[in-house]
Amino acid sequence: MAPGKNITLKSSDGEEFAIEETVAMESQTIRHMIEDDCAESSIPVPNVTAKILSKVIEYCKKHVEFAATKPTDEELKSWDTEFIKVDLNTLYDLILAANYLNVKGLLDLTCETVANMIKGKNPEEIRKRFNIKNDFTPEEEADIRRENQWAFE
Amino acid sequence: MNYLPDGVVQQILSHMSSAKEIAVTSCVSQQWNQCVPYLPSLFFPRGAFDPHPRGERPHPGADVTIGRMIGNAVRLEQLVIYCPFSPSNLGTWLGCCEKSLRVLELRMDGICEKGDGGNRGTILDCVSVVQELETLKLWGVALMGPPNWGCLKKLRTLEIVGASFGDGALEKAIHACPNLVELALLGCDGVSSLKIELGNLVKCRLDFLGHGDSYLYLGSPKLEDLEIQGFGGIWIKPNHRLKRLCIAKTNGRVYNVDVGDNLPDLESLSLRGVQWCWSAISSILRLASEVKHLLMKIEFCGDFEALLPFPEVDLVNFFDSHPKLRKFEIHGAMFAALCQKNSLINVNPKFLIPNLEEVLVIVRSPLNAEQKLNTLESLVKHSPKLRRMVIRISQMKNTHDAADDFFEEICKFKCLNNGIVKIE
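Chains A and B supply the protein sequences, listed in that same order.
Here the working numbering is used: the first residue of the first sequence is 15, the next is one more, and so on.
Here the working numbering is used: the first residue of the second sequence is 46, the next is one more, and so on.
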C-alpha cells in the first residue's frame with residue numbers, strides 16, 4: 015500500500031471516481047477489499063449511484079482532512095450539519111450507501127438526522143413524513159395504541 | 046422509508062432513547078414495532094408518567110410500563126430511570142437485562158427512607174447481577190448498610206449524588222468496584238473519614254458535607270485529576286500522576302495536606318476555603334513548582350480556632366518558585382499577603398515573570414491601597430507576556446474612608462495600562 019496511491023470507485027451508473035487510498039479506507043468495506051488484495055484497478059460499487067457516491071466521497075475526504083487539522087468540536091459539527099442538509103430521499107440513499115460501504119461516522123450522522131426528524135411527532139405524522147404504510151390491522155393498531163397510551167398523554 | 050431494510054431502520058431508531066418516543070414509534074408500522082426490542086437504550090425522564098399524581102408515590106401504571114419495556118428489550122445496554130418507581134421491582138428488571146446492560150442510572154429520591162437499618166442495603170443488592178456493568182450513577186440514595194455487590198469487575202465509572210452513608214457502607218461499596226477509573230461522590234454526608242485505594246483510578250471528585258475534622262486517605266497510582274471539598278486532613282499516597290488538583294473546604298479548617306514529595310506533573314492547582322493552616326498552604330505551594338494555572342481563594346490562616354491573617358509572602362520568591370505560571374487567580378486576603386513593601390524594594394532588574402498571561406485579582410478591602418497598587422504595577426512591569434489583568438472589586442464597603450482613595454488609584458492604574466487592565 016504505497017502512500018498517495020489512488021483507488022478508483024465505479025458507481026452503479028458507470029461513473030468513475032479516482033480518490034486517494036486514505037480517503038477510500040474510510041469505508042471499512044473497501045478497506046477490507048484492499049487489505050485482502052481483492053481490489054482490482056477499479057472497484058465497483060453496485061448499489062450506489064454517482065450522485066450519492068460523490069457525496070460519500072466528499073464526507074470521507076473532509077474527515078480525513080479533519081483527522082490531520084484537528085478542528086474544534088464546533089467546527090466539526092458545523093460542517094457536518096451543513097453537509098447533511100439534503101432532501102429526504104438523498105438522506106435515505108446516503109444511509110444505505112454508508113451502511114453498505116460501512117462508513118461509521120456517516121452512518122451515525124445520517125441516522126441521527128433522521129431520528130431527530132422522528133422525535134416529537136405522533137405515528138400518523140411520522141407515516142406521512144416518511145411515506146410509510148400503516149400495515150397494522152385495526153385490532154392490532156388498537157392493541158398497540160392501548161399498550162402505549164401513556165406516551166400520548 | 047418503507048424500502049429501508051430492517052437493520053437500517055433499527056440503526057435509525059437506535060439513536061432514540063426516550064421511552065416515550067420509542068413507545069410512539071412502535072405504533073407506526075409492523076416493521077418499526079419489531080425493531081423496538083433491539084434498541085439499546087431506555088430513558089425514563091422525571092416527568093415520564095405525569096400529569097398523574099406528583100410526589101414520591103409512583104404513577105400506578107409506571108412500573109408496569111417500565112417492566113414491560115425492559116422485559117421486551119432483547120439487548121438493553123443503557124437504562125436510565127429518573128421518574129419515581131417502586132424499588133421492589135428493580136431486581137426483576139435488572140434480571141431481564143443482566144447480560145447486556147452496561148450503563149445504569151437511577152434516581153432514588155426518598156425511596157430508601159423507609160425500612161430499618163438492616164434492610165436499606167438490600168434494594169441495591171440486585172445490582173450485583175449485572176456483571177457487565179461499566180457505569181453506575183445513583184441519585185439521592187441512602188446506603189445505611191454496605192450493599193452486597195460482590196465484585197463489579199467491569200465497573201469503570203461510579204457516581205453517587207446526594208447520598209447518605211451509614212458507617213463503613215461507602216468504603217465497602219467502593220471495595221466492590223476495584224477497577225474504577227472515575228469516581229464522583231457529590232453532596233454526600235455521613236462520612237467522617239474515608240480511605241480509598243484504587244489501582245486504576247484516574248479521575249476523582251469528592252464533595253462531602255459534614256464534620257469539621259474529616260480526613261481523606263487516597264492511594265491511586267494513576268490518579269491525574271482530583272477535586273475534593275469537605276476534608277480537613279488530606280493524605281494522598283505518593284507516586285501518583287496528578288495534573289489537576291482542587292482542594293476546597295467551605296466550613297471548618299484544612300489542617301493538613303500531604304501529597305508526597307513532589308508534584309512534577311501538576312499543571313493546575315486550586316486552593317479554596319475559609320481557613321487553612323499556613324503549613325498546609327506553604328507545603329503544597331512549594332511542591333507545585335511546575336504549575337501553570339493557580340487559583341487561591343482562602344480567607345484566613347491559623348492552626349487553631351482563631352482566624353488569622355496570612356504571613357507575608359515575598360512576591361519575587363513566589364514567582365521565582367513558580368516559573369511556569371500562566372494563569373493566576375488570587376482573592377482578598379492572600380493578595381494582601383503578597384503586597385509587602387519589602388519584597389519590592391530591591392528587585393533585581395532582571396526579575397521576570399516569564400509566562401504570566403492572565404491575572405484575576407479580587408479585592409475586598411480598600412486598606413493599604415498604595416501597596417496593593419505597587420504589587421499590581423510590578424506584576425504588569427515584570428510580565429512580558431501579560432495579556433489580561435482583571436481587578437474585581439467585591440463586597441467593598443463604600444462608606445469606608447479609604448474606599449474613595451482606593452478607587453481613584455485603581456482607575457489611574459487602569460488608564461495607564463489600558464488594554465491589559467480591566468476593572469469589574
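Heads up, the beta-carbon is just placed ideally off N, CA and C, and yes, glycines get one too.
All of these numbers come straight from a predicted model, not from anything done at the bench.
Given 8 angstroms, three or more beta-carbon pairs between the region 267-278 of chain B and the region 287-300 of chain B: Contact holds between the region 267-278 of chain B and the region 287-300 of chain B, because three or more Cβ pairs, one in each stretch, are under 8 angstroms apart.
CB of Ala64(B) within 8 angstroms of CB of Leu84(B), strictly: Cβ atoms of Ala64(B) and Leu84(B): not closer than 8 angstroms.
Counted within 10 angstroms of its Cβ, other Cβ atoms place Phe349(B) as buried (16 or more) or exposed: Phe349(B) should be labelled exposed.
Amino acids of chain A, ordered along the chain, whose beta-carbon sits closer than 7 angstroms to that of His60(B): Taking the beta carbon of His60(B) as reference, the chain A residues within 7 angstroms of it are Cys125, Glu126, Ala129, listed in sequence order.
Neighbouring residues, chain B, relative to Ile109(A) (Cβ below 8 angstroms): For Ile109(A), the C-beta contacts it makes with chain B under 8 angstroms involve Leu49, Val53, Gln56, Ile57, in order along the chain.
Sequence-distant residues of its chain with Cβ nearer than 8 angstroms to Ile140(A) (five each side left out): For Ile140(A), where only same-chain residues beyond five positions count, the Cβ hits under 8 angstroms are Ile132, Ile146.
Cβ of Gln75(B) within 8 angstroms of any chain A Cβ: Yes, because at least one Cβ of chain A sits closer than 8 angstroms to the Cβ of Gln75(B).
Residues in the region 151-165 of chain A having any Cβ partner in chain B nearer than 7 angstroms: Answer in chain order: Ile158, Arg159, Asn162, Trp164, Ala165.
Below-8 angstroms beta-carbon distance, Leu121(A) vs any chain B residue: Cβ-Cβ to chain B under 8 angstroms: yes for Leu121(A).
Where Cys456(B) falls, given that 16 or more other Cβ within 10 Å makes a residue buried: Counting of Cβ neighbours within 10 angstroms places Cys456(B) among the exposed residues, the total staying below 16.
Nearest-angstrom Cα separation, counted from Pro132(B) out to Val172(B): Their Cα atoms are separated by approximately 12 angstroms.
Whole-Å CB distance - Ser25(A) paired with Ala81(A), under 8 angstroms assumed: No, Ser25(A) and Ala81(A) are not in contact; Cβ-Cβ is about 25 angstroms, not under 8 angstroms.
Sub-8 angstroms separation of Leu183(B) and Leu151(B) beta-carbons: In this structure, Leu151(B) lies closer than 8 angstroms to Leu183(B) by Cβ.
Exposed unless 16 or more other CB atoms sit within 10 angstroms - verdict on His500(B): Here chain B has residues from 46 to 469 only, and residue 500(B) is not among them.
Within chain B, the residues that Lys24(A) reaches when beta carbons sit closer than 8 angstroms: Chain B residues near Lys24(A): none, gap ~23 angstroms exceeds 8 angstroms.
Beta-carbon gap between Leu383(B) and Leu360(B) smaller than 8 angstroms: Yes, Cβ-Cβ distance for Leu383(B) and Leu360(B) is below 8 angstroms.
Separation of Asp258(B) from Gly163(B), as counted between CA atoms: Bear in mind that the predicted position of Gly163(B) carries a pLDDT of just 43, short of 50, making it too unreliable to give a figure here.
Coarse secondary structure for Ser173(B), derived from DSSP in three states: Reduced to three states, the DSSP call for Ser173(B) is helix.
Whole beta strand (DSSP E) elements within the region 342-413 of chain B, 3-residue minimum: 372-376, 403-408, all fully within the region 342-413 of chain B.
Distance, Ile219(B) Cα to Pro399(B) Cα: Using only the alpha carbons, I get a separation of about 44 angstroms.
Cβ pair Leu268(B), Leu287(B) closer than 8 angstroms: It is a contact, given that the beta carbons lie within the stated cut-off.
Residue-level contact to chain A via CB, Phe94(B), 8 angstroms cutoff: Contacts with chain A at 8 angstroms (Cβ-Cβ) include Phe94(B).
Sheet register partners of Met47(A) (DSSP bridge): Within the DSSP secondary-structure output, Met47(A) pairs in no beta bridge.
Every unbroken beta strand (DSSP E) within the region 116-142 of chain B, with a cutoff of 3 residues, ordered by chain: You should have 123-126.
Beta-carbon gap between Leu23(A) and Ile57(A) smaller than 8 angstroms: Contact flag set, yes.
Contacts that Asn78(B) makes with chain A (C-beta to C-beta distance below 7 angstroms): Going along chain A in sequence order, the residues near Asn78(B) (Cβ under 7 angstroms) are Ile158.
CB contact check: Ala118(B) to chain A, cutoff 8 angstroms: Chain A contact via Cβ: absent.
Any chain B beta carbon closer than 8 angstroms to Tyr73(A): Interface with chain B (8 angstroms Cβ-Cβ cutoff): Tyr73(A) is excluded.
Three or more C-beta pairs below 8 angstroms linking the region 60-76 of chain A and the region 108-122 of chain A: Counting Cβ pairs under 8 angstroms, three or more are found: they touch.
Contact set between Glu66(B) and chain A, taken where Cβ atoms lie within less than 7 angstroms: Ordered by position in chain A, the residues that pass the 7 angstroms Cβ test against Glu66(B) are Lys133.
Contact list for the region 29-61 of chain A against chain B, Cβ threshold 7 angstroms: Answer in chain order: no residues at all.
C-alpha gap between Glu30(A) and Gly92(B), whole angstroms: So the alpha carbons of these two residues sit roughly 54 angstroms apart.
Under the three-state DSSP convention, the category His77(A) falls into: Residue state, collapsed to three classes: helix.
Alpha helix (DSSP H) segment containing Ile93(A), residue limits: Inspection of the sequence shows that residue 93(A) is occupied by Trp rather than by Ile. That run of the alpha helix (DSSP H) goes 87-97.
Residue burial classification, Arg298(B) (beta-carbon count within 10 angstroms, cutoff 16): Arg298(B) comes out buried.
Best match in Pro152(A), Ser68(A), Glu72(A), Lys91(A) for proximity to Glu126(A) [C-alpha to C-alpha]: Of the candidates Pro152(A), Ser68(A), Glu72(A), Lys91(A), the one whose C-alpha sits nearest the C-alpha of Glu126(A) is Lys91(A).
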